[in-house]
Amino acid sequence: MSLSARGAYLTLALWALLIACAGYIVSQKMEVGSDLRLFLPPPENRAERILLEELKEGPGTRVLLVSLSGAPQAELASASAQLAENLRPNPAFTRIENGILHTEAGTEKFAFDHRYLLTPRASGCACDPLSLRDELGQRLDELGSPAGGLAQDVLLRDPTGEIQAIIDAWLPANEPQLIDGVWFSKDAKRALLMLQTRGAGFDADQQHIAIDAIHTALAGQPSGNKIKLEITGPGAFTALLEKNTRDDINLLGIVESIGSLAFLFLVLRSLRNVVLSSLVLATAGVVALLGVLIIFKTIHGITLAFGFTLLGVAMDYPVHLMLHVDEHLPPKRCIGHVWPTLRLSIVTTCIAYMALVFTGFTGLAQLGVFTTCGLIATSVVIRYIAPSLIADHWTRNLPTWVLRVEHGPSFAWLPWIAIVIAIGAIAFSRSPLWDNNLGSLTPVPQDLQALDVTLRQEIGAPDLRYLLAVSGSNPQQVLQRDEALRSQLDDLVAKKLIAGYEQPSNQLPSIEQQLRRQRQLPDSVTLKSNLQQALAGMPFRSDSFDGFISDVEAARHAAPVTPQDLAGTALADALSAKLFAIGPETIGLITLSDVRDAAALDAWAHRAGPDVLLIDLKTMSENLVERFRARALLALSIAMLLIAALLVRQLHLRAAIAVVLPVIATVLSVVAFFNVIGVSLTLFHIVSLLLVGGLCFDYGLFFNRREESTAEHDRTRFAVMVCWVSTSFSFGLLTLSSLPVLKAIGFTVAGGVTCGFFLAYFSRHEAT
Amino acid sequence: MRTLVVLVALLLTGVALGAEPPATFDVPALSKLLTRDQASTVRFHEQQFRKVLSAPLERSGELVFQPPEVFIRRVQKPGSEEYKLEGDTLTIQMGTRKARHLSTRDQPLLRGLMLSFQAVVSGKLDTLEPYYLLQLTGDAAQWQLVLDPRDAALKQHVKRVVIDGRESNPLRFEVTEQSGDRTVTEIEP
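Protein chains in written order, with our numbering: chain A, 1 to 768; chain B, 1001 to 1189.
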């Protein structure tokens, strides 16, 4: 006996409430991560370790390039200056450069206090009589300058100008031209700024905050509305993509939900059953989320997206149950009837999804857990709860056109033809099958990419693809090696292999170098006498330099500056981005700008020694994607074998073949189709194909089950058709999105299930 | 008799109406006097008296003003230096060394000091308002403008700036610093 109508509605309402509460609690506690490394294989060598570190923390990935245009030069210059001023105190940014080097007071004071150890000058402090005289002459000139009096104290304590030498060393190698004190492009039409965000490049939330801050700051200016603001850089791309994806998904999601519900109502003709179906799916979703959160504590954004996609399989189960209910098969009996097929379907799908857990990638493991939990929840609900909630005497009479359609013919050889054609097409096609570009996961519009390249070259921002890595067993060793490479690097610039470079030792010289400088400092007596000689004939009073003498004496006994000492200054951030530990090793990164000949650079790196490495982030990331894919496909293949074995045990051989073959044919056909039209397959295609496989498998299982009557056969046909149409509709909607990723998923699934439906139907094995 | 009174009255009225009240010579008037539309070049001679120096530091050269915003100070004796102020950017070229750029936006002290000079040369005395209290004595023929810093940062360093001039030419700038050091610049129009 199923529940009375009132009892059923009450149960449904309570269930809905429970799900809503659970869903709310889960969404509040849920932390959605965006660390791409969860989807990448563990690094196998030093270069890959550096790549993964770069992906997360790389200085290059956090740089935003800003261009202001569309107004007269003076306005652009003033806008740039005001923008920089407004944004400097904002904690979202660690560095803002727009022209004249801006050093904040704390950093300058630190550098001044340690100037005799930090100086880049090879001779130490230029404290011999001749050099002193030369320097003093220059200081005298400076004193005579318009605001010389302002700098008088500094001049007297640092007559040899060490602090200026240090600040000069911080200047980037090639700067854009300065107009009105700010950077302008070569054609003087754009004011340029370079900003470094605190948040990682692919952390969409942080990037949104930073980018919004830039827009707000510009809008707040008087002529802000007239100026065209363009922002490029990895962070900008991430933010843009995330927003577009979110917008599209929201819109399409709403349309799809309404459409699906409407369609379901059209099919089932019962509000109660539509609600029931929706609740089954909602329950699956919530349980899936709970499963992942309990085991992993967080969930990755990609897992969330793929997970719900793959749970699409669960939408079909309630339909199968409900459409088989008729006057001879009330719900409670019906479930017993269709349960074997449903169970087989759920078990095989779980095997496939669980295979993902065993690939070893946390991201895929999350996906596996998510979908498996969802499916188990679905199966429990369908088996034990749903039948009681369907009205006892409810049935959906088949529409007459279903009954009128003849049982189509069946060709067992059909899938084979499809397989052969597909393999042939793939073999003869010239486009690459797989897309290894990590960047395809976040495709960026062409014009934005072109703008990024232009701005990057103009500003001299670090190259995103190539990096030099110096390795050592500790930071000091790395810094020393880095310093030793300087003349060779200058050579590379002279030979035009690169336009410029930035080294960690620019931020902080090694202790060895600092000690060398220290040794060159003369003692007080010698210094005083040198000073006397140098001052001869100069209008300086001899006691004016007492501060200088005591500072040099203090520097002679001072402890060298270590990376830890920099804490609290801007130098600390700048250094830690370029000097860090990976495991037992320390790595120093030399960023390059405008690499013109990668091959020659690589050859140089080889000659320079085993501890110098040219890292090609693009090629390496492609290798990683390949390894990832290989592992994922391996796991899935093993799952396929298990499934095949299971099938053969449950059904007899010919039926098993009739189920499996169309699935293989469909998948291969879809792959061949994409390959022939020139689209390379990405991770998204693989996941979509996994869903297609699962759905077509279900179709096959239902078309090939032993049926007791023609009526049942008709019902099965109707049910599978409904599933096919609703899936095609849901995913077909995605093809309307402007985003290549969503389009890809949409085409793959909608096209795949259509192909699969017909192949499964026309090759079914009719048991006699 | 009555006609004579009327005539005298008319005459006096005419005199009263015809004569203009004496013009007060105030800052806006000086501003107007000093405003220059065309580029101009003058020679200067400067002396700095500093406690750390045993003798005054002397400089001489040219000062160039290109309206509206470019000021160039070219030192020719001793050595050769050029300081160019264009808007907010100060470009310093000392001898053959690499040109150095500074932004006065980041340094209000420098800006206040440069302004005391710029404003007088270009005639835009109103730009001094936020930084200095202005006191003008004398008349158009011979005037003295005294600037007392009101901006806190500027006040810490500069005690007073005194500018003497005749007609539309500033002739002498004297900057006195809180430390007692003085800079005196004399200009040949």
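We treat Cβ as the ideally placed atom computed from N, Cα and C, and that holds for glycine.
Predicted, not measured: the structure shown is a model, and the values here were computed from it.
key: Beta-carbon proximity of A/Thr-586 to A/Leu-575, cut-off 9 Å   = no
query = What residues in the segment 534-566 of chain A have a beta carbon less than 8 Å from any beta carbon of chain B?
reply = Residues passing the 8 Å Cβ filter: Pro-539, Phe-540, Arg-541, Ser-544.
Chain A contact residues for B/Ser-1054, given Cβ-Cβ distances below 8 Å = Under the 8 Å cutoff, chain A gives Pro-539, Phe-540, Arg-541.
task = Go through the segment 343-412 of chain A residue by residue and report every complete run of the alpha helix (DSSP H) that reaches 4 residues or more, in order.
result = 362-380, 386-389, 400-404
inquiry  = Between the alpha carbons of A/Val-671 and A/Gly-181, how many angstroms are there, rounded?
reply    = 56 Å
query = Is A/Trp-203 helix, strand or coil when you go by DSSP?
reply = A quick correction: the sequence has Asp, not Trp, at residue 203 of chain A. In the displayed model, A/Asp-203 falls within coil according to three-state DSSP, outside both helix and strand.
key: Simplified DSSP assignment, three categories, for B/Ala-1019   = Bear in mind that a pLDDT of 48 at B/Ala-1019, under 50, signals an unreliable position, so the number given afterwards is only what the model happens to contain. Residue state, collapsed to three classes: coil.
ask   = Are the C-beta atoms of A/Gln-138 and some chain B residue less than 9 Å apart?
value = yes
inquiry  = Taking CB distances under 9 Å as the criterion, tell me whether B/Leu-1109 reaches chain A.
reply    = yes
request  = Using a cut-off of 7 Å between C-beta atoms, extract the partners of B/Ser-1103 located in chain A.
outcome  = Ile-100, Gly-181
ask   = With a CB to CB cut of under 6 Å and the five nearest residues on each side skipped, what residues in its chain are close to A/Gln-177?
value = Only Phe-184 meet the Cβ criterion.
ask   = With DSSP run on the structure shown, which of helix, strand or coil describes A/Met-194?
value = strand
key: Counterpart residues of B/Pro-1170 in DSSP-defined beta bridges   = B/Gly-1165
query = At which residues does the alpha helix (DSSP H) containing A/Glu-135 begin and terminate?
reply = 129-143
query = How long is the line joining the alpha carbons of A/Ile-43 and A/Thr-735, rounded to whole angstroms?
reply = This sequence places Pro at residue 43 of chain A; Ile is not what is there. Each residue's Cα considered, the two are about 36 Å apart.
ask   = What is the DSSP secondary structure of A/Val-63, reduced to helix, strand or coil?
value = strand
ask   = If you measure from the beta carbon of A/Leu-192 to each beta carbon in chain B, is any gap under 9 Å?
value = no
ask   = How would you call A/Pro-475, buried or exposed, if buried means at least 16 neighbouring beta carbons within 10 angstroms?
value = buried
ask   = Cα separation between A/Asp-597 and A/Val-493?
value = Cα to Cα, the separation comes out at about 11 Å.
ask   = With a CB to CB cut of under 8 Å and the five nearest residues on each side skipped, what residues in its chain are close to B/Leu-1134?
value = Only residues of its own chain outside the window of five on either side were considered, and among them Val-1027, Leu-1125, Leu-1128, Leu-1145, Val-1146, Leu-1147 have a CB closer than 8 Å to the CB of B/Leu-1134, listed in chain order.
inquiry  = With a threshold of 7 Å on Cβ separation, who are the neighbours of A/Arg-456 within its own chain once the five nearest residues in sequence on each side are excluded?
reply    = Leu-65
ask   = Can you pull the DSSP bridge partners for A/Phe-540?
value = B/Leu-1053
inquiry  = Could you check whether the segment 1057-1073 of chain B touches the segment 1029-1049 of chain B, counting it as contact only if at least three pairs of C-beta atoms, one from each stretch, sit closer than 8 Å?
reply    = Cβ pair count under 8 Å is three or more, so yes.
ask   = Thinking C-alpha only, which one of A/Ile-498, A/Val-280, A/Arg-764, A/Asp-203 is nearest A/Ser-379?
value = Ranking A/Ile-498, A/Val-280, A/Arg-764, A/Asp-203 by Cα distance to A/Ser-379 puts A/Val-280 first.
query = Expressed to the nearest angstrom, what Euclidean distance is found between the alpha-carbon atoms of A/Thr-298 and A/Glu-162?
reply = One C-alpha to the other measures close to 51 Å.
message = Which residues in chain B have a C-beta closer than 7 Å to the C-beta of A/Gly-144? List them in chain order.
response = Chain B residues near A/Gly-144: Gln-1048, Leu-1057, Arg-1059.
request  = Could you run through the segment 1070-1090 of chain B and flag, in chain order, every residue whose CB is less than 9 Å away from some CB of chain A?
outcome  = Taking 9 Å as the upper bound on Cβ-Cβ separation, chain A lies near residues Arg-1073, Val-1075, Pro-1078, Gly-1079, Glu-1081, Tyr-1083, Leu-1085, Glu-1086, Gly-1087, Asp-1088, Thr-1089, Leu-1090 of the segment 1070-1090 of chain B.
key: Neighbouring residues, chain A, relative to B/Asp-1181 (Cβ below 7 Å)   = Gly-149
message = Can you tell me whether A/Gly-374 is buried or exposed? The criterion is at least 16 other CB atoms within 10 Å of its CB, across all chains shown.
response = buried
task = Starting from the Cα of A/Val-286, find the closest Cα among A/Tyr-24, A/Lys-496, A/His-713, A/Tyr-761 and give me that residue.
result = A/Tyr-24
request  = Please check if any C-beta of chain A sits within less than 9 Å of the C-beta of B/Thr-1187.
outcome  = For the record, residue 1187 of chain B in the displayed sequence is Ile; it is not Thr. B/Ile-1187 does not count as touching chain A.
key: Residue span of the beta strand (DSSP E) that contains B/Pro-1149, given as start and end   = 1143-1149
task = Please classify A/Ser-772: does DSSP put it in a helix, a strand, or coil?
result = In the structure as shown, chain A starts at 1 and stops at 768, and residue 772 of chain A therefore has no counterpart that could be examined.
ask   = For a contact meaning CB atoms closer than 8 Å, what does B/Glu-1177 contact in chain A?
value = Gly-149
task = Taking only beta carbons into account, state which residues of the segment 152-166 of chain A come closer than 8 Å to chain B, listed in chain order.
result = Gln-152, Leu-156
inquiry  = Does chain A have any CB closer than 9 Å to the CB of B/His-1157?
reply    = yes
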